[in-house]
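Some notes on the structure that comes next.
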Amino acid sequence: MIFPETSKNMFTEWDVPGEQGKSVEPAHQSGGNPSLFSQTVLTLKKRTGVSITLITRNDWKIAGELINILERANQSVPEDLVSMAERYKANKLKKETENKWGKPQGKPRKFYH
Numbered sequence: 001m002i003f004p005e006t007s008k009n010m011f012t013e014w015d016v017p018g019e020q021g022k023s024v025e026p027a028h029q030s031g032g033n034p035s036l037f038s039q040t041v042l043t044l045k046k047r048t049g050v051s052i053t054l055i056t057r058n059d060w061k062i063a064g065e066l067i068n069i070l071e072r073a074n075q076s077v078p079e080d081l082v083s084m085a086e087r088y089k090a091n092k093l094k095k096e097t098e099n100k101w102g103k104p105q106g107k108p109r110k111f112y113h
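Residue numbering for the sequence shown follows full-length UniProt numbering, starting at 1 and increasing by one per position.
See below:
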């Protein structure tokens, strides 16, 4: 998608890579084919442009990986992305703690005498 008022080199990605257990690592580190996101980040490292990746709550689990990629590519990391990663980690820790201490999961069971 190109927006002439902002940049000729704008890339919009509608699906976040790395879902369903796939890695978000760039190809030169994982040995596989690079995702569109990592290709774009690596391209932006060499020239000017804008990359937009739409992230929903379903994608928060890979926010930390996206932050690592941006940092390795010397790109700025949006504060919202950092916030997403922090909230995901906090919620994950909370759920693990609740499960550890035996908080009931799902519907309560009925016991008959």
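C-beta atoms are modelled at their ideal positions from N, C-alpha and C, and glycine is treated no differently.
Cβ pair count under 8 Å reaching 3, the region 90-98 against the region 67-81: no
In angstroms with no decimal places, state the Cα-to-Cα distance between Trp60 and Leu66. 10 Å
Return helix, strand or coil for Ile52, following the three-state DSSP convention. Strand.
For the candidate residues Thr56, Tyr112, Asn99, Gly64, whose alpha-carbon lies nearest to that of residue 126? Beyond the ends of the chain as shown, which are 1 and 113, falls residue 126; an answer cannot be given.
Is Asn58 helix, strand or coil by DSSP? helix
Between the alpha carbons of Lys100 and Met84, how many angstroms are there, rounded? 24 Å
Name the two residues that bound the continuous alpha helix (DSSP H) containing Asn74. From DSSP, Asn74 is part of no alpha helix (DSSP H); its letter is neither H nor E.
Please state whether DSSP places Lys100 in a helix, a strand or coil. helix
Per-residue DSSP class, three states only, for Lys94: helix
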